[in-house]
Each structure stands twice: as C-alpha cells, then as structure tokens.
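Student:
Residue numbers (this note's numbering): 12 to 417.
1. Which of the three DSSP states, helix, strand or coil, is assigned to residue 121?
2. Find the nearest neighbour of residue 253 within the set 241, 288 and 232, judged by alpha-carbon distance.
3. Between which residues of its own chain and residue 350 is the CB-CB distance below 8 Å, once the five residues before and five after are set aside?
4. Let's test the definition: count the other Cβ atoms within 10 Å of the Cβ of residue 283 and tell me whether it reaches 16, buried, or not, exposed.
5. Using the rule of at least 16 other Cβ atoms within 10 Å of the residue's Cβ for burial, across every protein chain shown, is residue 107 buried or exposed?
6. Given that a residue counts as buried once 16 or more other Cβ atoms are within 10 Å of its Cβ, and exposed if not, what is residue 171?
7. Put residue 107 into one of helix, strand or coil per three-state DSSP.
8. With a threshold of 8 Å on Cβ separation, who are the neighbours of residue 148 within its own chain once the five nearest residues in sequence on each side are excluded?
9. How should residue 454 be labelled, buried or exposed, when 16 other C-beta atoms within 10 angstroms of its C-beta is the threshold for buried?
10. State the DSSP-derived secondary structure class of residue 395, mapped to helix, strand or coil.
11. So the candidates are 323, 43, 387 and 201; which of them puts its Cα closest to the Cα of residue 304?
12. Which class does residue 30 belong to by DSSP, given the choice of helix, strand or coil?
13. On a CA-only basis, which of 63, 35, 131 and 299 is nearest residue 243? Give me that one, please.
14. When you compare the CB positions of residue 395 and residue 230, do they come within less than 8 Å of one another, or not?
15. What separation, rounded to the nearest whole angstrom, lies between the Cα atoms of residue 381 and residue 128?
16. Spell out whether any CB of chain C is found under 8 Å from the CB atom of residue 242.
17. Tell me whether residue 37 sits in a helix, a strand or coil according to DSSP, three-state version.
18. Note down the Cα distance separating residue 203 from residue 348, rounded to an integer number of angstroms.
19. Take residue 328 as the anchor and find which of 228, 33 and 198 has the nearest alpha-carbon.
20. My understanding is that residue 82 touches residue 136, with C-beta atoms under 8 Å, so please give their C-beta distance in whole angstroms.
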C-alpha cells in the first residue's frame, strides 16, 4: 500500500510542480517586495550620488566643528548673510541653510528639492556640539563628558510561566512578527492549496478518470496520495522562500534593511519557532484532509468553490483571532479557542509569542490538533470512498449531510 500511495503522491507532485501556475503562485507574492526594494535601491543610489547641501549662516566655528567631528553626512558650506542663503536656496545651489542665534537654531529647507534633512540627526548633532561647549565652560575633561553620555547598561529578561528568558523587546518583537506571519501564511496557503486539492479531485471525477484510477487502486490510496502530494507542494513552496531568503541575506549583506531584519530575528526563541513550524504544517495538512473529503462530493469544477468556501471561513476564525490577541490577550474566549483544533494553528503561535500561553499549553494544542488530524483522516477514508463514485444531482451540502447519516 505504501508504494502505491507514494506513486500517487509523486504523480500529483510532479504534475503540479511542472505547471507554470504553480511557479506563478510561488513567485507572484515576491514581485511586490522585489519591486519596492529595487525602487528603494535606485532612490538610495540617486541620493548617494548627490549629497544633501547645507549652508551655515555666518558661523565658521560651527562649520569647522561639524566637519571635524563628522557629525552630519552633508555637503557643508558657509554663507555670510541670510539673504545670500535665501538666494542660493532659490537658485537650487543649496538644499537648506542653518541659522544659529542665542543658543537657538533654525533650519530652512526647500520644499521643491528632492533632498531632505533628518530632523533627529540634525538635532542630535547640535545637542552634541552644545554639550561639548558647556562641558568646556564647566572645565570638564573629554573623558568626563563621555562618562556622562554613556547609557546605562540594561539586560532585559522576561519572567513568565515558561520561566525566565533573555532577549527583551527584540525577542518578543521577533516572535510577534513570526506569529502574525504564521496567521497570514496559513490563510494564504490554505486559500491556494485547498482550491488546488479540490480541483484535482473534481477534475478526475468530472472527467470519469476516477473510475479508471479506482479500477487499478483503491479509494484509500487515492485519498492519501493526493493529500501527501499537495502537502509536498506546500513544503516545496515554503522551502523555496527559505532558500531565497538565505540567498538574499548573503547577496545583500551590508544592506541596512537586511541587517536590521537579521538583528531583529537573531533573538527568536528556538522553542517557539519549532512549535510554530509544527503548528503550520499540521494545520495545513488538516485543512487539506477536510478539503479532500468535501471535494469528493462535487461532480464538476463549478461546484469547487462551494466546498472550499466553508473551509476558508473556518480558517478565518483563527486568522482574525490572531490579530485580536495583541489587543486583548487575556480574553477567556481567545484562551479557550486557542486550544481548539483547526483554529489553534493560527491563534496559538500569537498567544505564545506574547507570553499569554505557556509552552505546555502550546504542546497540548499541538497534540490535540494531531489527534484531530488522525481522527478526521480516518473518518474521511470511508466518506471519500463513498463519494468519489457518486454522481448525485442534489446540492453539495445536502449530499454531505445525507452521507454523514449513512
């Protein structure tokens, strides 16, 4: 039996992976971020070729200090009067000018220019200059000023029912982003692959190929073969993204956005990541089993959406609840449904990420989902065998209820 299931799964996998439709499904979500990155890259290149031009009005000491200390990444110049600065700004010879008067500063920039000044960087630079001047007046040494500016050393740890863990905001933020991504990924993958599963069964049934297949093999083999074949497509889909992410992190090494992303996710809790991955795979396979059972009722492609839609609605419960977890994590309803099979794969990772669920609760939810998968799969064997050769004209759900009673 195993060899036959493997044969059917391999046939489904090879047939689908060779189609342009599969690769379009895999690559199309990447187009938007790639285009956004290319636009940002070109803009940043354009900006780097033309540094922001700043003129300082009648203050040679300030120009010298900023240049010597390299406090601002701008092209600095000095003008004698405000009027000459305004003329240069109007003629697009500078992007802005800085006026210092009685310890106060005013930065005027052009609304027409492409170059923009970072207010925080300019303020920090001026604050540092003023601190140095005040330290000099107070006869403070350079090392004294450095000591005053040194931030306090703080180590963040999280104390919860899972125990004490380090990482603080970085770990929690990384876990939270992964949990949100999990909910979105499950919903999108289910939308794609439940339709693919249903179409696969409906196509064979409507064209009467199913009768030929069942003459050579059993309905049970076809049932499990198709579930495994489509599940392997999901795994391939996710692995492609993992490989591309790895290649991008190497090729784009040094890029600020990539470095910030790697820094953020360097604090990911490995236990959380393992549980999340297992939740995702169990959840997707469970929904594919449901789809295979429901799809066995349809007689043609026009009925596919009728059976897929309720499954998508079921997955949306966990998807929507995962977003609610951050705003009302202590809600009793959310706590209960986070343990419910078919909802837990989307909801439990988000609760685990914000420490409102323990690792033990997550493992219990995982075990319950596995048990539900086994029970539904066993129940589906008979339903699938009963339905794939049935060509009733009754409505899809009427047939399903009728077959449940048998």
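Yeah, the Cβ is synthetic: ideal placement off N, Cα and C, and Gly gets one too.
Tutor: Based on what the coordinates show:
1. Taking the chain shown and counting its residues from 1, one reaches residue 121 at position 110. Three-state result, residue 121: coil.
2. Residue numbering aside, residue 253 sits at position 242 when the chain shown is read from its first letter. Taking only the C-alpha atoms, the option nearest residue 253 is 288.
3. Within the chain shown, residue 350 is the residue found at index 339, counting from 1. Excluding sequence neighbours, residue 350 sits near 359, 372, 375, 376 and 379.
4. Translated into the one-based positions of the chain shown, residue 283 becomes position 272. By the 10 Å Cβ count, residue 283 comes out buried.
5. In the chain shown, counting from the first residue as 1, residue 107 sits at position 96. Buried, because 16 or more other Cβ atoms sit within 10 Å of the Cβ of residue 107.
6. Indexing the chain shown from 1 puts residue 171 at position 160. Bear in mind that a pLDDT of 48 at residue 171, under 50, signals an unreliable position, so the model cannot answer this.
7. The residue you call residue 107 lines up with position 96 of the chain shown. Correct three-state label for residue 107: strand.
8. Position 137 of the chain shown, counting from 1, holds the residue named residue 148. Excluding residues within five positions, none has a Cβ falling inside 8 Å.
9. No information on residue 454 is available, as it lies outside the stretch 12 to 417 that the chain covers here.
10. Reading the chain shown from its first residue, position 384 is the one you call residue 395. Helix at residue 395.
11. The residue you call residue 304 lines up with position 293 of the chain shown. Nearest C-alpha to residue 304: 387.
12. Working through the chain shown from its first residue, we reach residue 30 at position 19. Coil, per DSSP.
13. Position 232 of the chain shown, counted from the start, is the residue given in the question as residue 243. Closest by alpha carbon: 299.
14. By one-based count along the chain shown, residue 395 stands at place 384. By one-based count along the chain shown, residue 230 stands at place 219. The answer is yes: Cβ separation under 8 Å.
15. Taking the first residue of the chain shown as position 1, residue 381 is located at position 370. Taking the first residue of the chain shown as position 1, residue 128 is located at position 117. Approximately 55 Å between the Cα atoms of the pair.
16. Among the chains of the structure shown, chain C does not appear; only one protein chain is present.
17. The residue labelled residue 37 in the question sits at position 26 within the chain shown. It is helical.
18. The sequence position of residue 203 within the chain shown is 192, counting from 1. The sequence position of residue 348 within the chain shown is 337, counting from 1. If I take the Cα positions, the gap works out to 25 Å.
19. Locating residue 328 in the chain shown gives position 317, where the first residue counts as 1. If we check each option's Cα against that of residue 328, 198 comes out closest.
20. On the chain shown, position 71 is the one that residue 82 refers to. On the chain shown, position 125 is the one that residue 136 refers to. That belief holds up - the Cβ atoms of residue 82 and residue 136 are roughly 4 Å apart, short of 8 Å.
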